[in-house]
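Reading through the structure tokens given below for one structure.
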Amino acid sequence: MNLTPSISAISSASSASSASSISSGPSVPAGGALLVSGASGALARQAIALLQQHRPDVPLIATTRHPDRLADLAASGVSVRFADFDQPDSLASAFEGASRMLLVSTNTVDAPPRRVTQHRNAIEAARRCGVQHVVYTSFATAGAAQPGPIAADHAATEQLLREGPGGFSVLRNAFYAELLLATLPLACRSHRLPCAPGRGRMTYVARSDCAAAAAAALADGFEGRRVLSIAGEEALDAHTLAALASEVLGVRIEAVETAPDQLEAAWTGCGASAGMARVFAGIDRGMAKGEMEVRESDLRALLGALPPCEPMDMRAFLLAHRAVIVAPPSAAAVAATAS
8 MNLTPSISAI
18 SSASSASSAS
28 SISSGPSVPA
38 GGALLVSGAS
48 GALARQAIAL
58 LQQHRPDVPL
68 IATTRHPDRL
78 ADLAASGVSV
88 RFADFDQPDS
98 LASAFEGASR
108 MLLVSTNTVD
118 APPRRVTQHR
128 NAIEAARRCG
138 VQHVVYTSFA
148 TAGAAQPGPI
158 AADHAATEQL
168 LREGPGGFSV
178 LRNAFYAELL
188 LATLPLACRS
198 HRLPCAPGRG
208 RMTYVARSDC
218 AAAAAAALAD
228 GFEGRRVLSI
238 AGEEALDAHT
248 LAALASEVLG
258 VRIEAVETAP
268 DQLEAAWTGC
278 GASAGMARVF
288 AGIDRGMAKG
298 EMEVRESDLR
308 ALLGALPPCE
318 PMDMRAFLLA
328 HRAVIVAPPS
338 AAAVAATAS
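Position in the sequence shown (first residue = 1) + 7 = this note's numbering.
Okay, here's the thing in structure tokens:
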């Protein structure tokens, strides 16, 4: 669930809460490896680490366009293979021997038709190679009648899975809490958190929780078809978030309700680049319409109800990332904001 290339690169820091354990369940089908795509990315790396820790007896395949970046995984016994979803001919050898696959959605969000084509290439190649089950990282609003620009390609990918043979687990991830690593530093420096009127709420989820959910779904042996909601357990409006952030971070932040057509200007006034301001404003407008609140989540059930598999709450997330959020902007960040 990458939002934009900028946001997906905001932070690769893992949060500590859900790097816990994968709940026990049926064993992985004998004779097949577990495959994780996009293995150079943060979510995939976290999922692989959990699988290595809690399913050490199951062979793992990690596919990536950059095998040279995964020398540590290769040294630990993971089969690291080149795969480029834009090059369908590269996928047969990459997927050979896998019985279950974690398809991490690509970050080609600037060209949605290409992203859907990438996913189609991966799904079709996986089926031809005998992959029995695909776990797909989708987005919370993919099932909506009008999923919107962020979720439209996820909705199309889900349709590809439904139309094809075999089992699948669709994980509809809420917005990453890591989005706040882009917005809250601006709010800390300007002491303002722009928001649309209406007290709309957002249900965030830590990326590490999404990684744990993906690892659990990949390893639990489920063979049918399911669609699961992966979200945190707190739905926060901007005023509640600003108050909590002020308390935890020790910086005064005020939520400022702003007319929808003035949100981009409000975010640029806080220091956001024009591109990021458009993203943040779109999210704020979606919140006002109730599109960002997830009322039911399957995360706890998927991970297991007992500690240490506890989803991260917002207070814990802010505490874990306080140093990053309140740090003075780097020269690179200032240059990027000015561009």
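For every residue, glycine included, the Cβ atom is placed at its ideal position computed from N, Cα and C.
Query                                                                                                                                                                             : Result
Determine the burial state of P201: buried for a count of at least 16 other Cβ atoms within 10 Å of its Cβ, exposed for fewer.                                                    : buried
Here's the rule: buried if 16 or more other CB atoms are within 10 angstroms of the residue's CB, otherwise exposed. What is H140?                                                : buried
Going by beta carbon distance, what residues of the same chain come within less than 6 Å of A158, once the five residues before and after it are set aside?                       : F146, T148 and A149
If you draw a straight line from the C-alpha of C217 to the C-alpha of L50, how long is it?                                                                                       : 7 Å
Taking all protein chains shown into account, do 16 or more other C-beta atoms lie within 10 angstroms of the C-beta of A330, making it buried, or fewer, making it exposed?      : exposed
Can you tell me where the beta strand (DSSP E) with L110 in it begins and where it stops?                                                                                         : A105 to L110
By the DSSP assignment, the alpha helix (DSSP H) with R214 in it spans what residues?                                                                                             : R214 to A226
Kindly list the residues whose CB is nearer than 7 Å to the CB of E271, restricted to its own chain and excluding five residues on each side of it in sequence; keep chain order. : A284, R285 and A288
With DSSP run on the structure shown, which of helix, strand or coil describes G173?                                                                                              : coil
Identify whether I237 lies in helix, strand or coil by the three-state DSSP scheme.                                                                                               : strand
L306 to A220, Cα distance in whole Å?                                                                                                                                             : 7 Å
Tell me whether M283 sits in a helix, a strand or coil according to DSSP, three-state version.                                                                                    : helix
Can you round the beta-carbon distance between S86 and R179 to whole angstroms, since I take them to be within the 8 Å contact cut?                                               : S86 to R179, Cβ: 29 Å. No contact.
If I measure Cβ to Cβ from E300 and keep anything under 6 Å in the same chain, skipping five residues before and after, which residues do I get?                                  : R208, T210 and A242
Going by C-alpha to C-alpha distance, which of I332, V116, Q59 and A249 sits closest to H161?                                                                                     : V116
Which one of V123, A78, P318 and A69 has the shortest CA to CA distance from P156?                                                                                                : V123
Roughly how many angstroms lie between the CA atoms of A273 and T265, to the nearest whole one?                                                                                   : 8 Å
Among T247, G174 and L109, whose alpha-carbon lies nearest the alpha-carbon of Q53?                                                                                               : L109
Can you look up S145 in the DSSP assignment and give me helix, strand or coil?                                                                                                    : strand
My output table needs one value for A209: the three-state DSSP class, helix, strand or coil.                                                                                      : Per the sequence shown, residue 209 should be read as Met rather than Ala. If DSSP states are grouped into helix, strand and coil, M209 belongs with the strands.
Are the Cβ atoms of A90 and T71 separated by less than 8 Å?                                                                                                                       : yes
Can you tell me where the beta strand (DSSP E) holding C195 begins and where it ends?                                                                                             : Premise fails: C195 lies in the alpha helix (DSSP H), L187 to S197, not in any beta strand (DSSP E).
Taking Cβ positions, are S176 and R135 nearer each other than 8 Å?                                                                                                                : no
Would you tell me roughly how many angstroms separate the C-alpha atoms of E303 and A40, rounded to the nearest one?                                                              : 32 Å
Taking 8 Å as the cut-off, decide whether the C-beta atoms of V111 and A224 are in contact.                                                                                       : no
Residues in its own chain within less than 6 Å of C195 by CB, not counting five upstream and five downstream?                                                                     : V258 and V333
Hey, which unbroken runs of the alpha helix (DSSP H) at 4 residues or more fall wholly within the region 54-82?                                                                   : 78-82
Can you say whether Q166 is buried or exposed, counting buried as having 16 or more other CB atoms within 10 angstroms of its CB?                                                 : exposed
Which of the three DSSP states is assigned to V116 in this structure?                                                                                                             : coil
Nearest by alpha-carbon distance to I260: which of P120, A163 and T190 is it?                                                                                                     : T190
Does the Cβ of A78 have 16 or more other Cβ atoms within 10 Å, making it buried, or fewer, making it exposed?                                                                     : exposed
Which two residues bound the contiguous beta strand (DSSP E) that contains F89?                                                                                                   : S86 to F89
Compute the Euclidean distance between the alpha carbons of L187 and R199, then round it to the nearest angstrom.                                                                 : 14 Å
Can you find the residues in the same chain that come closer than 6 Å, C-beta to C-beta, to P336, ignoring five residues on each side of it along the sequence?                   : none
Quick one: give me the first and last residue of the alpha helix (DSSP H) that A250 is part of.                                                                                   : A245 to L256
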